[in-house]
Amino acid sequence: MRLTRTALYLSAALLPFAAQAQQAAPAPAPAAQQQIAVAPLNFSERTLPNGLKVYAIRDTSTANVSVQVWYDVGSKDDPAGKSGFAHMFEHLMFKGTKNLVDEQMDRLTEDVGGYNNASTASDYTNYFEVVPANHLERLLFAEADRMASLVVDEKVFASERDVVKEELRSRVLAQPYGKLFYVYFPNISYSVHPYARPGIGSIEDLDAASIDDIRAFHTTYYRPDNAVLVVAGNFDPAQLDKWVDKYFAPIAKPNRPIPRVTVAEPPRTAAVRKTVYEANTPLPAVLLSYQLPPDNHPDMAALTVLDGILSGGENSRLYRNLVYRDQLVVQADTFLDSRQSTGAYAMYAILAGGKSAEDGESAMRREIAELRNTPVSAAELAEAKNEILTGALKSRETAEGKASTLAASIIVSRDPKAADQQLAAIARVTAADVQRVARQYLGDSQSAALVYLPEAPGAKGDSVGIADTVKVAPLVAPKDIVIHTQASPETRIAVPAPGAPVSPAIPTASESKLANGMRLIVVEKRDLPIVTATVVAPAGGARDAAGKAGTAALAASLLTKGTATRSAEQIAQQIESLGGSIGAGADWDAAFATVTVKADQVEPALTVLADVARNPAFAQEELDRARAQTVDGVTVQLKEPAALAGIAASRAVFGSRAYGNMLSGTPTSLPRITRDDVASAYARAWSPDQSALVVVGDIAAKDATALAQKLFGDWKPGNVTYVAAPVAAAPKPRVIVVDLPEAGQAGVVVARPGIARTDKDFYAAQVANATLGVGFTSRLNREIRIKRGLAYGAGSSVDARRQPGIVSASTQTKNPSAPEVVKLIAEEMARMGAAPVPAAELDSRKAVLIGGFGRRIERTDGIAGALADYVADGVPLGTLQSYIPAIQGVDPAAVQAAAKRVLDPASASIVVVGDAKTFVDELRKTYPQLEVIPATALNLDSATLK
57 MRLTRTALYL
67 SAALLPFAAQ
77 AQQAAPAPAP
87 AAQQQIAVAP
97 LNFSERTLPN
107 GLKVYAIRDT
117 STANVSVQVW
127 YDVGSKDDPA
137 GKSGFAHMFE
147 HLMFKGTKNL
157 VDEQMDRLTE
167 DVGGYNNAST
177 ASDYTNYFEV
187 VPANHLERLL
197 FAEADRMASL
207 VVDEKVFASE
217 RDVVKEELRS
227 RVLAQPYGKL
237 FYVYFPNISY
247 SVHPYARPGI
257 GSIEDLDAAS
267 IDDIRAFHTT
277 YYRPDNAVLV
287 VAGNFDPAQL
297 DKWVDKYFAP
307 IAKPNRPIPR
317 VTVAEPPRTA
327 AVRKTVYEAN
337 TPLPAVLLSY
347 QLPPDNHPDM
357 AALTVLDGIL
367 SGGENSRLYR
377 NLVYRDQLVV
387 QADTFLDSRQ
397 STGAYAMYAI
407 LAGGKSAEDG
417 ESAMRREIAE
427 LRNTPVSAAE
437 LAEAKNEILT
447 GALKSRETAE
457 GKASTLAASI
467 IVSRDPKAAD
477 QQLAAIARVT
487 AADVQRVARQ
497 YLGDSQSAAL
507 VYLPEAPGAK
517 GDSVGIADTV
527 KVAPLVAPKD
537 IVIHTQASPE
547 TRIAVPAPGA
557 PVSPAIPTAS
567 ESKLANGMRL
577 IVVEKRDLPI
587 VTATVVAPAG
597 GARDAAGKAG
607 TAALAASLLT
617 KGTATRSAEQ
627 IAQQIESLGG
637 SIGAGADWDA
647 AFATVTVKAD
657 QVEPALTVLA
667 DVARNPAFAQ
677 EELDRARAQT
687 VDGVTVQLKE
697 PAALAGIAAS
707 RAVFGSRAYG
717 NMLSGTPTSL
727 PRITRDDVAS
737 AYARAWSPDQ
747 SALVVVGDIA
757 AKDATALAQK
767 LFGDWKPGNV
777 TYVAAPVAAA
787 PKPRVIVVDL
797 PEAGQAGVVV
807 ARPGIARTDK
817 DFYAAQVANA
827 TLGVGFTSRL
837 NREIRIKRGL
847 AYGAGSSVDA
857 RRQPGIVSAS
867 TQTKNPSAPE
877 VVKLIAEEMA
887 RMGAAPVPAA
897 ELDSRKAVLI
907 GGFGRRIERT
917 DGIAGALADY
927 VADGVPLGTL
937 QSYIPAIQGV
947 DPAAVQAAAK
957 RVLDPASASI
967 VVVGDAKTFV
977 DELRKTYPQL
987 EVIPATALNL
997 DSATLK
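If you use the working numbering, the sequence shown corresponds to residues 57 to 1002, in order.
See the structure below:
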């Protein structure tokens, strides 16, 4: 369905629930009122003489504009023996053109406070940018230039091929279950259609590609009559038309047909089952794949509702039965992967510790059989519809979201009105429709199963790959290939100048206090009928007792797992029946409970939120369940090189300090945590005079105040006392290699102590860090990815907390490259303090920060999250207004001084996690004092990691 894929998985807020099935302590029913509907996309459309389809959505409520170009070519169109070509072009299109130098697209977006990205799917490759509205003409010029005159030379081709290889290693080979989702899922899902090939390609096919092949592919598919241009945001429609005519209309339409995949995947009539054994697989997993009709098929509405019933939220069947009730799996989910042609519906489960893949497969098949054999309830049907509709509503909150929804409708569904039509079709789906499509598409004989098991001595699995029967056409090079070269500086057409700036609207928070001392913070945002409310309490992981890391996180997660009057299942059912979402968790210095709901459902949703914040039960069975699930989740995390490097680096930097713990806890600390520990952690922090309620969205301040008084006004302050433990001395820097044999890549982290959020150097440190490692054009990414192709990306962070936090620079690279990457990171960190940042570079990095901040506060949940963070960090709410001026006021001297203070690598520890035998000898030449710790011997509860 073209609701946008993210819309299908968003848990947010929604239509009033028509068929309630609540039991104890029901949320109060709202007064009868007209239901809030999802507004249809309001767009204009036209087609240029050269075939380019142009769509525009005007939105003057934003100061930004989104420009998207979607090409009707995806990984299914990759030539025979050359998988990954469409994805390769996703990378090459960001290099030079006739009039743009390499990486200038990033300069035109990131450096002015915008951003850009791209993605490759089976049916399309899309390029999308968000920039301040006055830069629209510049982006149209750039998109037209790379459509018409992309420059591909040997150097660029070789460099980007290396980057793509690192992406493959990072996403597929280094991640636990990477091969399951990226490789084996498409392999087992198709026997004839080229959808069977992984979109990211293979190392072998990438190595076999030539520059002539690449140029032929570009000439074949990158043409105006194979593209869709969508512009959404704040623009003048007449001026937009003139710019489109100026820059895109002159691009010639080739006088030759566009090759199309016409292969049809035959129906699967006999079940397929394969078993594989893979290294660094912490827990068994099972994936079931079923065929779907094309995305524009009428049955997709019922299948979308079926999918919501199976996996939409904690009241869904998979979570409720397999994760929660039976504790059989640690994670269960689905992918509704609809496409232009036959799609694939995947259901997967990662088994809980000690559970068998066979049991997981049987449980998933029982859930599918139940859908075939028994009609779903009215309550389930209404809940799934509400969640899907609100996901669509949330996806249209920004100009970018609207543009993406429209473009996907055009390319995949072949109808710009498809997203709105499919929403209407979902509203008409009945229980009989759901049962009918379950019977038609999800039969046992129609399934393909992949059992994914940890590597075991002597175990031999099945061979799984692209079937010999898959039909792929060869690449036929057009005769009119034009090899473009960059124009000289004298003949190059200059990028247009930006227009007059459009000032963004910065929200204002009002604050009051209830009689019991609870802070109430409200922002009225009336453009979308959505409200997000968050309760914040000082119950962060920094308060965890020694040896009991994870106490705060466990306590927070249990808030929604039962109160004095509501069970965990009732909480999930009541909120999700409203179409809302509820969640709770802990950060280092605070814990949060949050609900998002449609504006006409605020009171019943906040009634549940107040209950979970005020009256958690901390039932022993819920504690045991949550602990077991967390242990399994951490077990998976510890097999991922970059994640493990970050965890070990925190311990190396902080030693025995609480910030050195794993926030979630470790497999050894979690079993030590008792119910008394959890209850005591709650009692020491969750009191109205220590807490704040943040309410943002389509609600008047007076109504929010009345609701807060009604639901929280009688909450009595507790006898809350907390004495911080003495702060231990910081440990000396170390160089640590964690040996993870057969790791697909090496995770590299260089980390050191940082500063507090309230530190006078905070803003200068943020600008310094943005220069070092935030964004594509940051120094680290330029040196490691762009210049050398050593990683898919590299970055850094200054994580400022209530107490001094951590500064880290990190990446993931092929194992033999780890020593070189360590050297590059250390050099760039040192260079930041050695010389002032040039004015132009400094301005661009400020724009990165300001642009990111501006996009965050365009969203209801973004504003709520920012304000909750301010409460947690102890900074003024006026930071909403002062953040941009504070960043703008940082000068080069302040950046250099802050860099010397917080980025100097001389005070940093270095952690590399990977297959040590491939790099440790080389790394030891520079760091003879390095320590090697086998991953199996790593003690994350110890200040020394030993």
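Quick reminder that beta carbons are idealized off the backbone N, C-alpha and C, glycines included.
Quantities reported herein were computed from a predicted structural model and do not represent experimental measurements.
{"Check": "Would G618 be called buried (16 or more neighbouring beta carbons within 10 Å of its own) or exposed?", "Outcome": "buried"}
{"Check": "Ordered along the chain, which non-local residues of its own chain (more than five positions away) have a Cβ less than 8 Å from that of Q937?", "Outcome": "I562, T564"}
{"Check": "What are the boundary residues of the beta strand (DSSP E) that R114 is part of?", "Outcome": "109–114"}
{"Check": "What does D269 pair with, by DSSP beta-bridge criteria?", "Outcome": "Partner(s): none; D269 has no beta bridge."}
{"Check": "So, G970 versus A874, is the Cβ gap smaller than 8 Å?", "Outcome": "yes"}
{"Check": "Whose C-alpha, out of P96, I270, L108, S245, is nearest the C-alpha of S139?", "Outcome": "I270"}
{"Check": "Comparing alpha-carbon positions, which option in A891, E876, T590 lies nearest A760?", "Outcome": "T590"}
{"Check": "Excluding five sequence neighbours on each side, which residues of the same chain lie with their C-beta closer than 7 Å to the C-beta of D167?", "Outcome": "T833, S900, A903"}
{"Check": "Just checking: is the beta-carbon of G635 within a distance shorter than 8 Å of some beta-carbon in chain C?", "Outcome": "Absence of chain C from the displayed structure is noted, only one protein chain being present."}
{"Check": "Determine whether the beta carbon atoms of L979 and V793 lie at a separation below 8 Å.", "Outcome": "yes"}
{"Check": "Based on the DSSP output, what are the partners of R102 in its beta bridges?", "Outcome": "V110"}
{"Check": "Can you pull the DSSP bridge partners for D393?", "Outcome": "A400"}
{"Check": "Using the Cα positions of A999 and G169, report the straight-line distance between them to the nearest angstrom.", "Outcome": "40 Å"}
{"Check": "Take the Cβ of V751 as the centre, count every other Cβ of all protein chains shown within 10 Å, and call the residue buried at 16 or more, exposed below.", "Outcome": "buried"}
{"Check": "Quick one: is N290 buried, meaning 16 or more other Cβ sit within 10 Å of its Cβ, or exposed?", "Outcome": "buried"}
{"Check": "Does DSSP put S852 in a helix, a strand or coil?", "Outcome": "strand"}
{"Check": "Helix, strand or coil for V794? Go by DSSP, reduced to three states.", "Outcome": "strand"}
{"Check": "What residue range is occupied by the uninterrupted beta strand (DSSP E) comprising K654?", "Outcome": "647–654"}
{"Check": "Just grab the DSSP bridge partners of Y183 for me.", "Outcome": "V125, A174"}
{"Check": "Quick check on this structure: which residue in N311, P354, Q765, A608 has the alpha carbon closest to the alpha carbon of I482?", "Outcome": "P354"}
{"Check": "Please say whether L164 and V551 have beta carbons closer to each other than 8 Å?", "Outcome": "yes"}
{"Check": "Just list the beta strand (DSSP E) runs in the region 499–567, keeping only unbroken ones of 3 residues or longer that don't cross its boundaries, in chain order.", "Outcome": "504–510"}
{"Check": "Enumerate in chain order the residues of its own chain whose CB-to-CB distance from A821 is below 7 Å, with the five nearest sequence positions on each side excluded.", "Outcome": "I811, V854, A954, V958"}
{"Check": "Can the beta-carbon of Q693 be found less than 8 Å from the beta-carbon of V386?", "Outcome": "no"}
{"Check": "With distance defined between alpha-carbon atoms, name the residue in A847, S866, I862, E159 nearest to V805.", "Outcome": "S866"}
{"Check": "What's the call for G603, buried or exposed, on a 16-neighbour Cβ count within 10 Å?", "Outcome": "exposed"}
{"Check": "Quick one: what does DSSP say Y926 is sitting in, helix, strand or coil?", "Outcome": "helix"}
{"Check": "Using C-beta distances below 7 Å, list every residue in its chain close to L531, excluding the 5 sequence neighbours before and after it, in chain order.", "Outcome": "P135, K138, D269, A272, F273"}
{"Check": "Quick check on DSSP: helix, strand or coil for R386?", "Outcome": "It should be pointed out that residue 386 corresponds to Val in this sequence rather than to Arg. V386 falls in the strand class under three-state DSSP."}
{"Check": "With distances taken Cα to Cα, identify the nearest neighbour of A698 among G849, L348, V493.", "Outcome": "G849"}
{"Check": "Straight-line CA distance for P872 to T974?", "Outcome": "5 Å"}
{"Check": "How big is the Cα-Cα spacing for V121 and S566?", "Outcome": "29 Å"}
{"Check": "Assign T982 to buried or exposed, taking buried as 16 or more other Cβ atoms, counted over all protein chains shown, within 10 Å of its Cβ.", "Outcome": "exposed"}
{"Check": "Rounded to the nearest angstrom, what separates T607 and G597 at their Cα positions?", "Outcome": "7 Å"}
{"Check": "Let me know if S345 comes out buried or exposed under the rule of 16 or more other beta-carbons within 10 Å of its beta-carbon.", "Outcome": "buried"}
{"Check": "Hey, how far is the Cα of A704 from the Cα of L97?", "Outcome": "48 Å"}
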